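In order, the protein sequences belong to chains A and B.
Heads up: the first sequence at position 406 corresponds to 401 in our numbering, and the numbers run straight through without jumps.
Counting the second sequence from 1 gives a position; our numbering is that position plus 589.
A virtual CB, placed ideally from N, CA and C, is assigned to each residue, including glycine.
Given the structure is predicted, the values throughout are model-derived calculations rather than measurements.
Some notes on the structure that comes next.
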Amino acid sequence: MERFNGARKKKWSVPALLATLALPTLAGAQELNSGDTAWMLTATALVLFMTIPGLALFYGGLVRVKNVLSVLMQCFALTAMVTLIWVLWGYSLAFDATGMQAGVTNINSFVGTFGKALLAGVGIDSLTGTIPETVFVCFQLTFAIITPALIVGAFAERMKFSAMLLFMALWSTLVYSPICHMAWAGVGGFFWDLGVLDFAGGTVVHINAGIAALVAALVLGKRQGYPRHPIPPHSLTLTVVGAGMLWVGWFGFNAGSAVAANGKAGMAMLVTQVATALAALTWMAVEWMKHGKPSVLGIVTGAVAGLVAITPASGSVGPMGAIAIGIAAGVLCFWGATSLKQKLGYDDSLDAFGVHGIGGITGALLTGIFADASLGGQGLAEGVSIGQQFGVQLISVVTTLVYSGVVSWILLKVVDGLVGLRVSDDEEARGLDISLHNEQGYFLES
Amino acid sequence: MKLLKCIVRPSALERVKEELGKLGVTGMTVSEVKGFGRQKGHKEVYRGAEYNIDFTPKLKIEIVVADEIADRVVGAVKVAAHSGNIGDGKIFVMPVEEVVRIRTGETGDAAI
């Protein structure tokens, strides 16, 4: 996400970059820019579209007929529930800047206070940078929605709906908001002060969701029959439609993270397109060589892997860096979703970790390399070497993996104790659509 | 009267229907079925996970005909559904004791 506060901008030395930035003044002291606002209204709608229906269809197509509605329901219900949490306290915990000071690490470096709970102080005239804070609240809300929705892929086809809601309410509050705060709340934030480059959410969204997904897959256990019996996707057509919506919506995600309609947003759009295309082609090529045929599921999964990996990098790299990141994402996520998963034997049903975890880590680390001007990037902060930036990126990756992994595990255990995580064997066999929702996705008889 | 149960490739249906029409066969019942014989199934790969799909989709065509034309009908199905490759299917022939047309109450050959 674009940084609003002046303190850190001084470190940036690249004139071209500076020229694209709004003048470095404190948030709130700027004037509303209608161009920026128009773009951010649009970007917000695009990112919401990524979850409903984009991700919902992408995931919905990948499960069996008897579970399609359960996945759509999970994505839709999360959209509604996270909205409520966000306005009650989520936004405050993520973005309230009370007690944050440059270079000072305190509790407020990790989480916001309740100062903006119930959106206190967010009125029609409040600004964030050059856009209304109301738009900023909504834009960030769409990120807070899609992140838990990504985790759905790991426990699809077997988790209780009530347990899912409870877990996600806790996860959004205790995991998403703090990691978001560390990265994006501004000067004094843990990642921010380290100089971590995470433009649109490599740590906040993808590694965060990816590791929680892996933990969820491990805690819940495998689906009945996995991996002895085939569990093929019921509609790759829906999956392709969903993947296409994700790709389009991602322009809001990455170019919107400039929080302005400027050159930085333009470059974010370009590198997003390039990295996604390269990852799609790479996955296709690797699969073609390894399994003899290029598959539709392969190319769309590759595209999503590329979108994930370019996310943290989209504010720092150039088109050539995007090519490298796309290729790396294609190869590594293919390995993550196929070899790694089979070797370790966990049932990450729709490869939430294999794509978002591995892709997020790949992107976050490579951002530290390809951000350098010598590799076509937009330049590292003054006096920072590639090695140092890589180290900083690594700290943010490990912090997210450990924090999200451990807290997710604890929350899952708590929820398991309270309501139980899994549906009964009988409900699982009948399918969640009938057993949890009294409906079926398709009723084709006349 | 004979009942023919023909398991054929889905792609053979139109040709079988045409050929049987030429022989004066006036009705048939078609169902979508799955199964395997010598053809076995096929392989599908989803994100690197290879599945052997043992059951292949086929159509089951059920036809009841008079004894006199049963052999010719079997021959026609055999020709129409033939591709020469493994998986063309099978025809089972069995005797039928009685046929009743529900609307009129006719029985026997007249009800076919």
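The three-state reading of DSSP puts Gly55/A in helix, counting H, G and I together.
In the DSSP annotation of this structure, His631/B is not part of any alpha helix (DSSP H); the continuous beta strand (DSSP E) holding it starts and ends at His631 to Tyr635. In this structure, Val418/A is the residue among Val418/A, Leu439/A and Ser391/A with its C-alpha nearest to the C-alpha of Arg218/A. Runs of the beta strand (DSSP E) lying entirely within the stretch 660 to 697 of chain B, each at least 3 residues long, are 678 to 684 in chain order.
Secondary structure of Tyr640/B (DSSP, three-state): strand. For Gln337/A, at least one C-beta of chain B is nearer than 9 Å to its own C-beta. Here Val685/B is near Val653/B, since their CB atoms are less than 9 Å apart. For the pair Lys155/A and Gly436/A, the CB atoms are not nearer than the 9 Å cut-off.
Under DSSP, the beta-bridge partners assigned to Glu651/B are Lys594/B and Thr618/B.
Runs of the alpha helix (DSSP H) spanning 4 or more residues and lying entirely within the stretch 213 to 280 of chain A occur at 231 to 250, in chain order. In this structure the stretch 290 to 302 of chain A lies against the stretch 226 to 238 of chain A, because at least three pairs of beta carbons, one per stretch, are closer than 8 Å.
Across the stretch 282 to 310 of chain A, CB contacts with chain B closer than 8 Å involve Glu282, Lys285, His286, Lys288, Ser290, Leu292, Gly293 and Thr296, in sequence order along the chain.
Check the Cα spacing between Asp428/A and each of Leu64/A, Leu52/A and His351/A: the tightest is with Leu64/A. Secondary structure of Gly205/A (DSSP, three-state): helix. When the five nearest sequence neighbours on each side are left out, the beta carbons in the same chain lying within less than 8 Å of the beta carbon of Leu360/A are those of Phe385, Gln388, Leu389 and Val392, in order along the chain.
What Thr333/A touches in chain B, judged by beta-carbon distance under 8 Å, is Arg636, Gly637 and Ala638, going in chain order. At a beta-carbon threshold of 7 Å, the residues of chain B lying near Asp346/A are Arg636, ordered along the chain.
With 16 or more other Cβ atoms from the protein chains shown falling within 10 Å of its own Cβ, Gly181/A counts as buried.
Listed by position along chain A, the residues whose Cβ is nearer than 7 Å to that of Glu621/B form an empty set, because the closest Cβ is around 12 Å away. In terms of beta-carbon proximity, Gly349/A lines the interface with chain B, with at least one pair separated by less than 9 Å. Cβ neighbours of Leu592/B within its own chain (closer than 7 Å, five residues either side excluded): Glu651, Val653, Met683 and Val685. DSSP places Pro307/A outside both helix and strand once states are collapsed to three, so it counts as coil. Apart from the 5 residues on each side of it in sequence, Ser311/A sits with its Cβ closer than 7 Å to the Cβ of Leu192, Phe194, Thr362, Ala366, Gly372 and Gln373 in its chain, given in chain order. Asp677/B and Ser403/A have their C-alpha atoms spaced approximately 54 Å apart. Our two residues, Ile174/A and Ala272/A, have alpha carbons roughly 29 Å apart in a direct line. Among the CB atoms of chain B, one or more fall inside 9 Å of the CB of Pro222/A.
Around Ser167/A, the same chain offers Val77, Ile80, Gly85, Ala139 and Pro143 as residues with beta carbons nearer than 7 Å, after the five sequence neighbours per side are excluded. Beta-bridge annotation (DSSP): Leu122/A is paired with Pro127/A. The alpha helix (DSSP H) runs of length 4 or more contained entirely in the stretch 308 to 337 of chain A are, from start to end of the chain, 314 to 330. The continuous alpha helix (DSSP H) containing Val410/A extends over residues Ile381 to Val414.
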